[in-house]
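The structure appears below as structure tokens.
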Amino acid sequence: MAMQWVYISIATLLACYIFLNKFVRNFNGWYYHLKLRNKEYPLPPGDMGWPLIGNLLAFIKDFSSGQPDLFITNLIHKYGRNGIYKTHLFGNPSIIICEPEMCRRVLLDDVNFKLGYPKSIKELAKCRPMIDVSNSEHRHFRRLITAPIVGHKALEVYLERLEDIVINSLEELSSMKHPIELLKEMKKVSFKSIVHVFMGSSNENIIKHIGSSFTDIYNGMFSIPLNAPGFTFHKALKSRKKIAKIVQPIVNERRLMIKNGEHVGEKKDLMDILLEIKDENGRKLEDEDISDLLIGLLFAGHESTATGLMWSIIYLTQHPHIMKKAKAEQEEILRKRPASQKRLSLNEVKQMVYLSHVINEVLRCANIAFSTFREATSDININGYLIPKGWRVLIWARAIHMDSLYYPNAEEFNPSRWDDFSAKAGTFLPFGGGSRLCPGGDLAKLETSVFLHYFLLNYRLTSMNY
Ligand code: HEM
């Protein structure tokens, strides 16, 4: 009798396994196949994963295992080197694109593709004038808002203050008696820098009160968008509200200062620009738009840069011969400096050729933004495959950066690969591309160069746990 129960249990488990693996597991794939069966072109190869969650668990598993490229490598092994795959991620049916020409095609096509970030990111990064407007209005706002950080002339103005921030921060870090958390400290450096760039003098309050709240927002970006106590997304939304509450009075105060003529003579910063800006119909921005833009730019302007700084230090520390060569270049710059010159000049930054290759290599290997997200606004045929209207398109730059076809021995951190080399179109996308190309790329590189100049010359990092 006992044996009979054992057999029944085994048979039941087997039946459940077959049901789950063969039926439930494939349900998503069948569903979309049936739904789109009358379309002219087929969906690309790939795997739609489990109902509702799609391939999210596999994605999380691969990204947290320290082998983030497994997710794409598995697709390539299973379905061939197609450069385009169907999947289901972050709550949406999606197409992954990881071939340079196709990536460029999507990034450059503002008619058939719009921004398509997951719900969690959309709500946390809500910023109507940059996101929910027509393409021409986006261009108009983008040009005005990013004027303070585009071009060398604009950036030169910040060099001295960036230098002070870096020198003081490194001094402070080196005098600490306990180990530091590198990313957290790099966020403080890049946050101080971006607040200075965008908000000039009225910055102390912001630096003191909201820097760490941005980390909650960052943590919520790829979380489950559930606004209930205990969930990461809930905490992130609360932090965003807290930041808005602090930013609004600062905007009001500046508005009052301008009205009373107390702000004349000072250089225009982002807040002045935002208070003056008009849309294409000549209307000024609402208070909420101003505060959203300010929060968005402060966030975009420091989180990624901090991650880049952290990886630069880690890669240099892990590769002593590269560190030595980079340090020698910085020493040479000091040797050539006239005795009367006391500070870094933009000209010297431009002479840091090897360091710029180090930074490029960090951007390639660290893949700070693993993918950019778009949504198809109509059915599109790419290379004979269908991207259905409403589906998300993930431009998976990480896969291109780590592909030995474009970067021989791609796993190796080797800044010298950039000697006399310029990446072919679509193969180097750390800052995205097309009309949404990151406007802060040059600023991020300048900040990183200034930081590494002083770090290489005067400091060393000993890793405790990496
Ligand atoms: C290493 C540092 C940085 C990286 C890796 C990075 C990466 C990116 C990427 C990939 C995009 C394109 C997003 C898309 O196409 O959907 C982007 C957009 C953007 N970035 Fe950066 N970024 C960095 C630093 C900065 C800095 C310093 C700022 C300064 C404000 C900034 C401001 C922006 C803005 C405003 C956008 C949106 C542009 C638009 O929609 O027109 N970023 N960034």
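Numbered by our numbering, the letters in the sequence shown go through residues 58 to 523 in order.
Where a beta carbon is used, it is the ideal one built from N, C-alpha and C, also for glycine.
Option in the options with minimal Cα separation from residue i
i	options	result
residue 275	294, 266, 283 and 264	294
residue 187	496, 505 and 301	496
residue 209	403, 436 and 507	403
residue 232	150, 485 and 517	517
residue 177	316, 288, 299 and 277	277
residue 414	345, 342, 335 and 509	509
residue 409	59, 460 and 382	382
residue 374	346, 470 and 192	470
residue 348	331, 340, 336 and 364	331
residue 450	338, 473 and 169	169
residue 467	252, 126, 359 and 197	126
residue 356	344, 459 and 252	252
residue 267	242, 292, 236 and 299	299
residue 199	494, 230, 479 and 310	494
residue 257	315, 306, 325 and 101	325
Residues that residue i bridges to, as DSSP identifies them
i	result
residue 442	439
residue 153	142 and 451
residue 172	431
residue 87	For residue 87, which the question treats as bridged, DSSP gives no partner whatsoever.
residue 245	Partner(s): none; residue 245 has no beta bridge.
residue 111	107
residue 295	None, per the DSSP bridge assignment.
residue 335	341
Short Cβ contact (8 Å threshold) for residue i with residue j
i	j	result
residue 426	residue 352	no
residue 172	residue 430	yes
residue 111	residue 69	no
residue 372	residue 141	no
residue 203	residue 244	no
residue 423	residue 247	no
residue 487	residue 327	no
residue 108	residue 147	no
residue 334	residue 500	no
residue 354	residue 255	yes
residue 164	residue 490	yes
residue 157	residue 407	no
residue 389	residue 472	no
residue 192	residue 167	yes
residue 224	residue 250	no
residue 337	residue 197	yes
residue 459	residue 236	no
residue 184	residue 350	yes
residue 308	residue 344	yes
residue 507	residue 230	no
Whole-Å CB distance - residue i paired with residue j, under 8 Å assumed
i	j	result
residue 484	residue 457	6 Å
residue 366	residue 505	6 Å
residue 455	residue 464	Not confirmed; about 12 Å, so no contact.
residue 439	residue 159	6 Å
residue 288	residue 296	So it is not a contact: roughly 13 Å between Cβ atoms.
residue 503	residue 212	5 Å
residue 370	residue 239	7 Å
residue 445	residue 93	6 Å
Residue i: CB within 7 Å of a non-hydrogen atom of ligand 3
i	result
residue 155	Because ligand 3 does not appear in the structure shown, any question about it cannot be addressed here, the ligands present being ligand 1.
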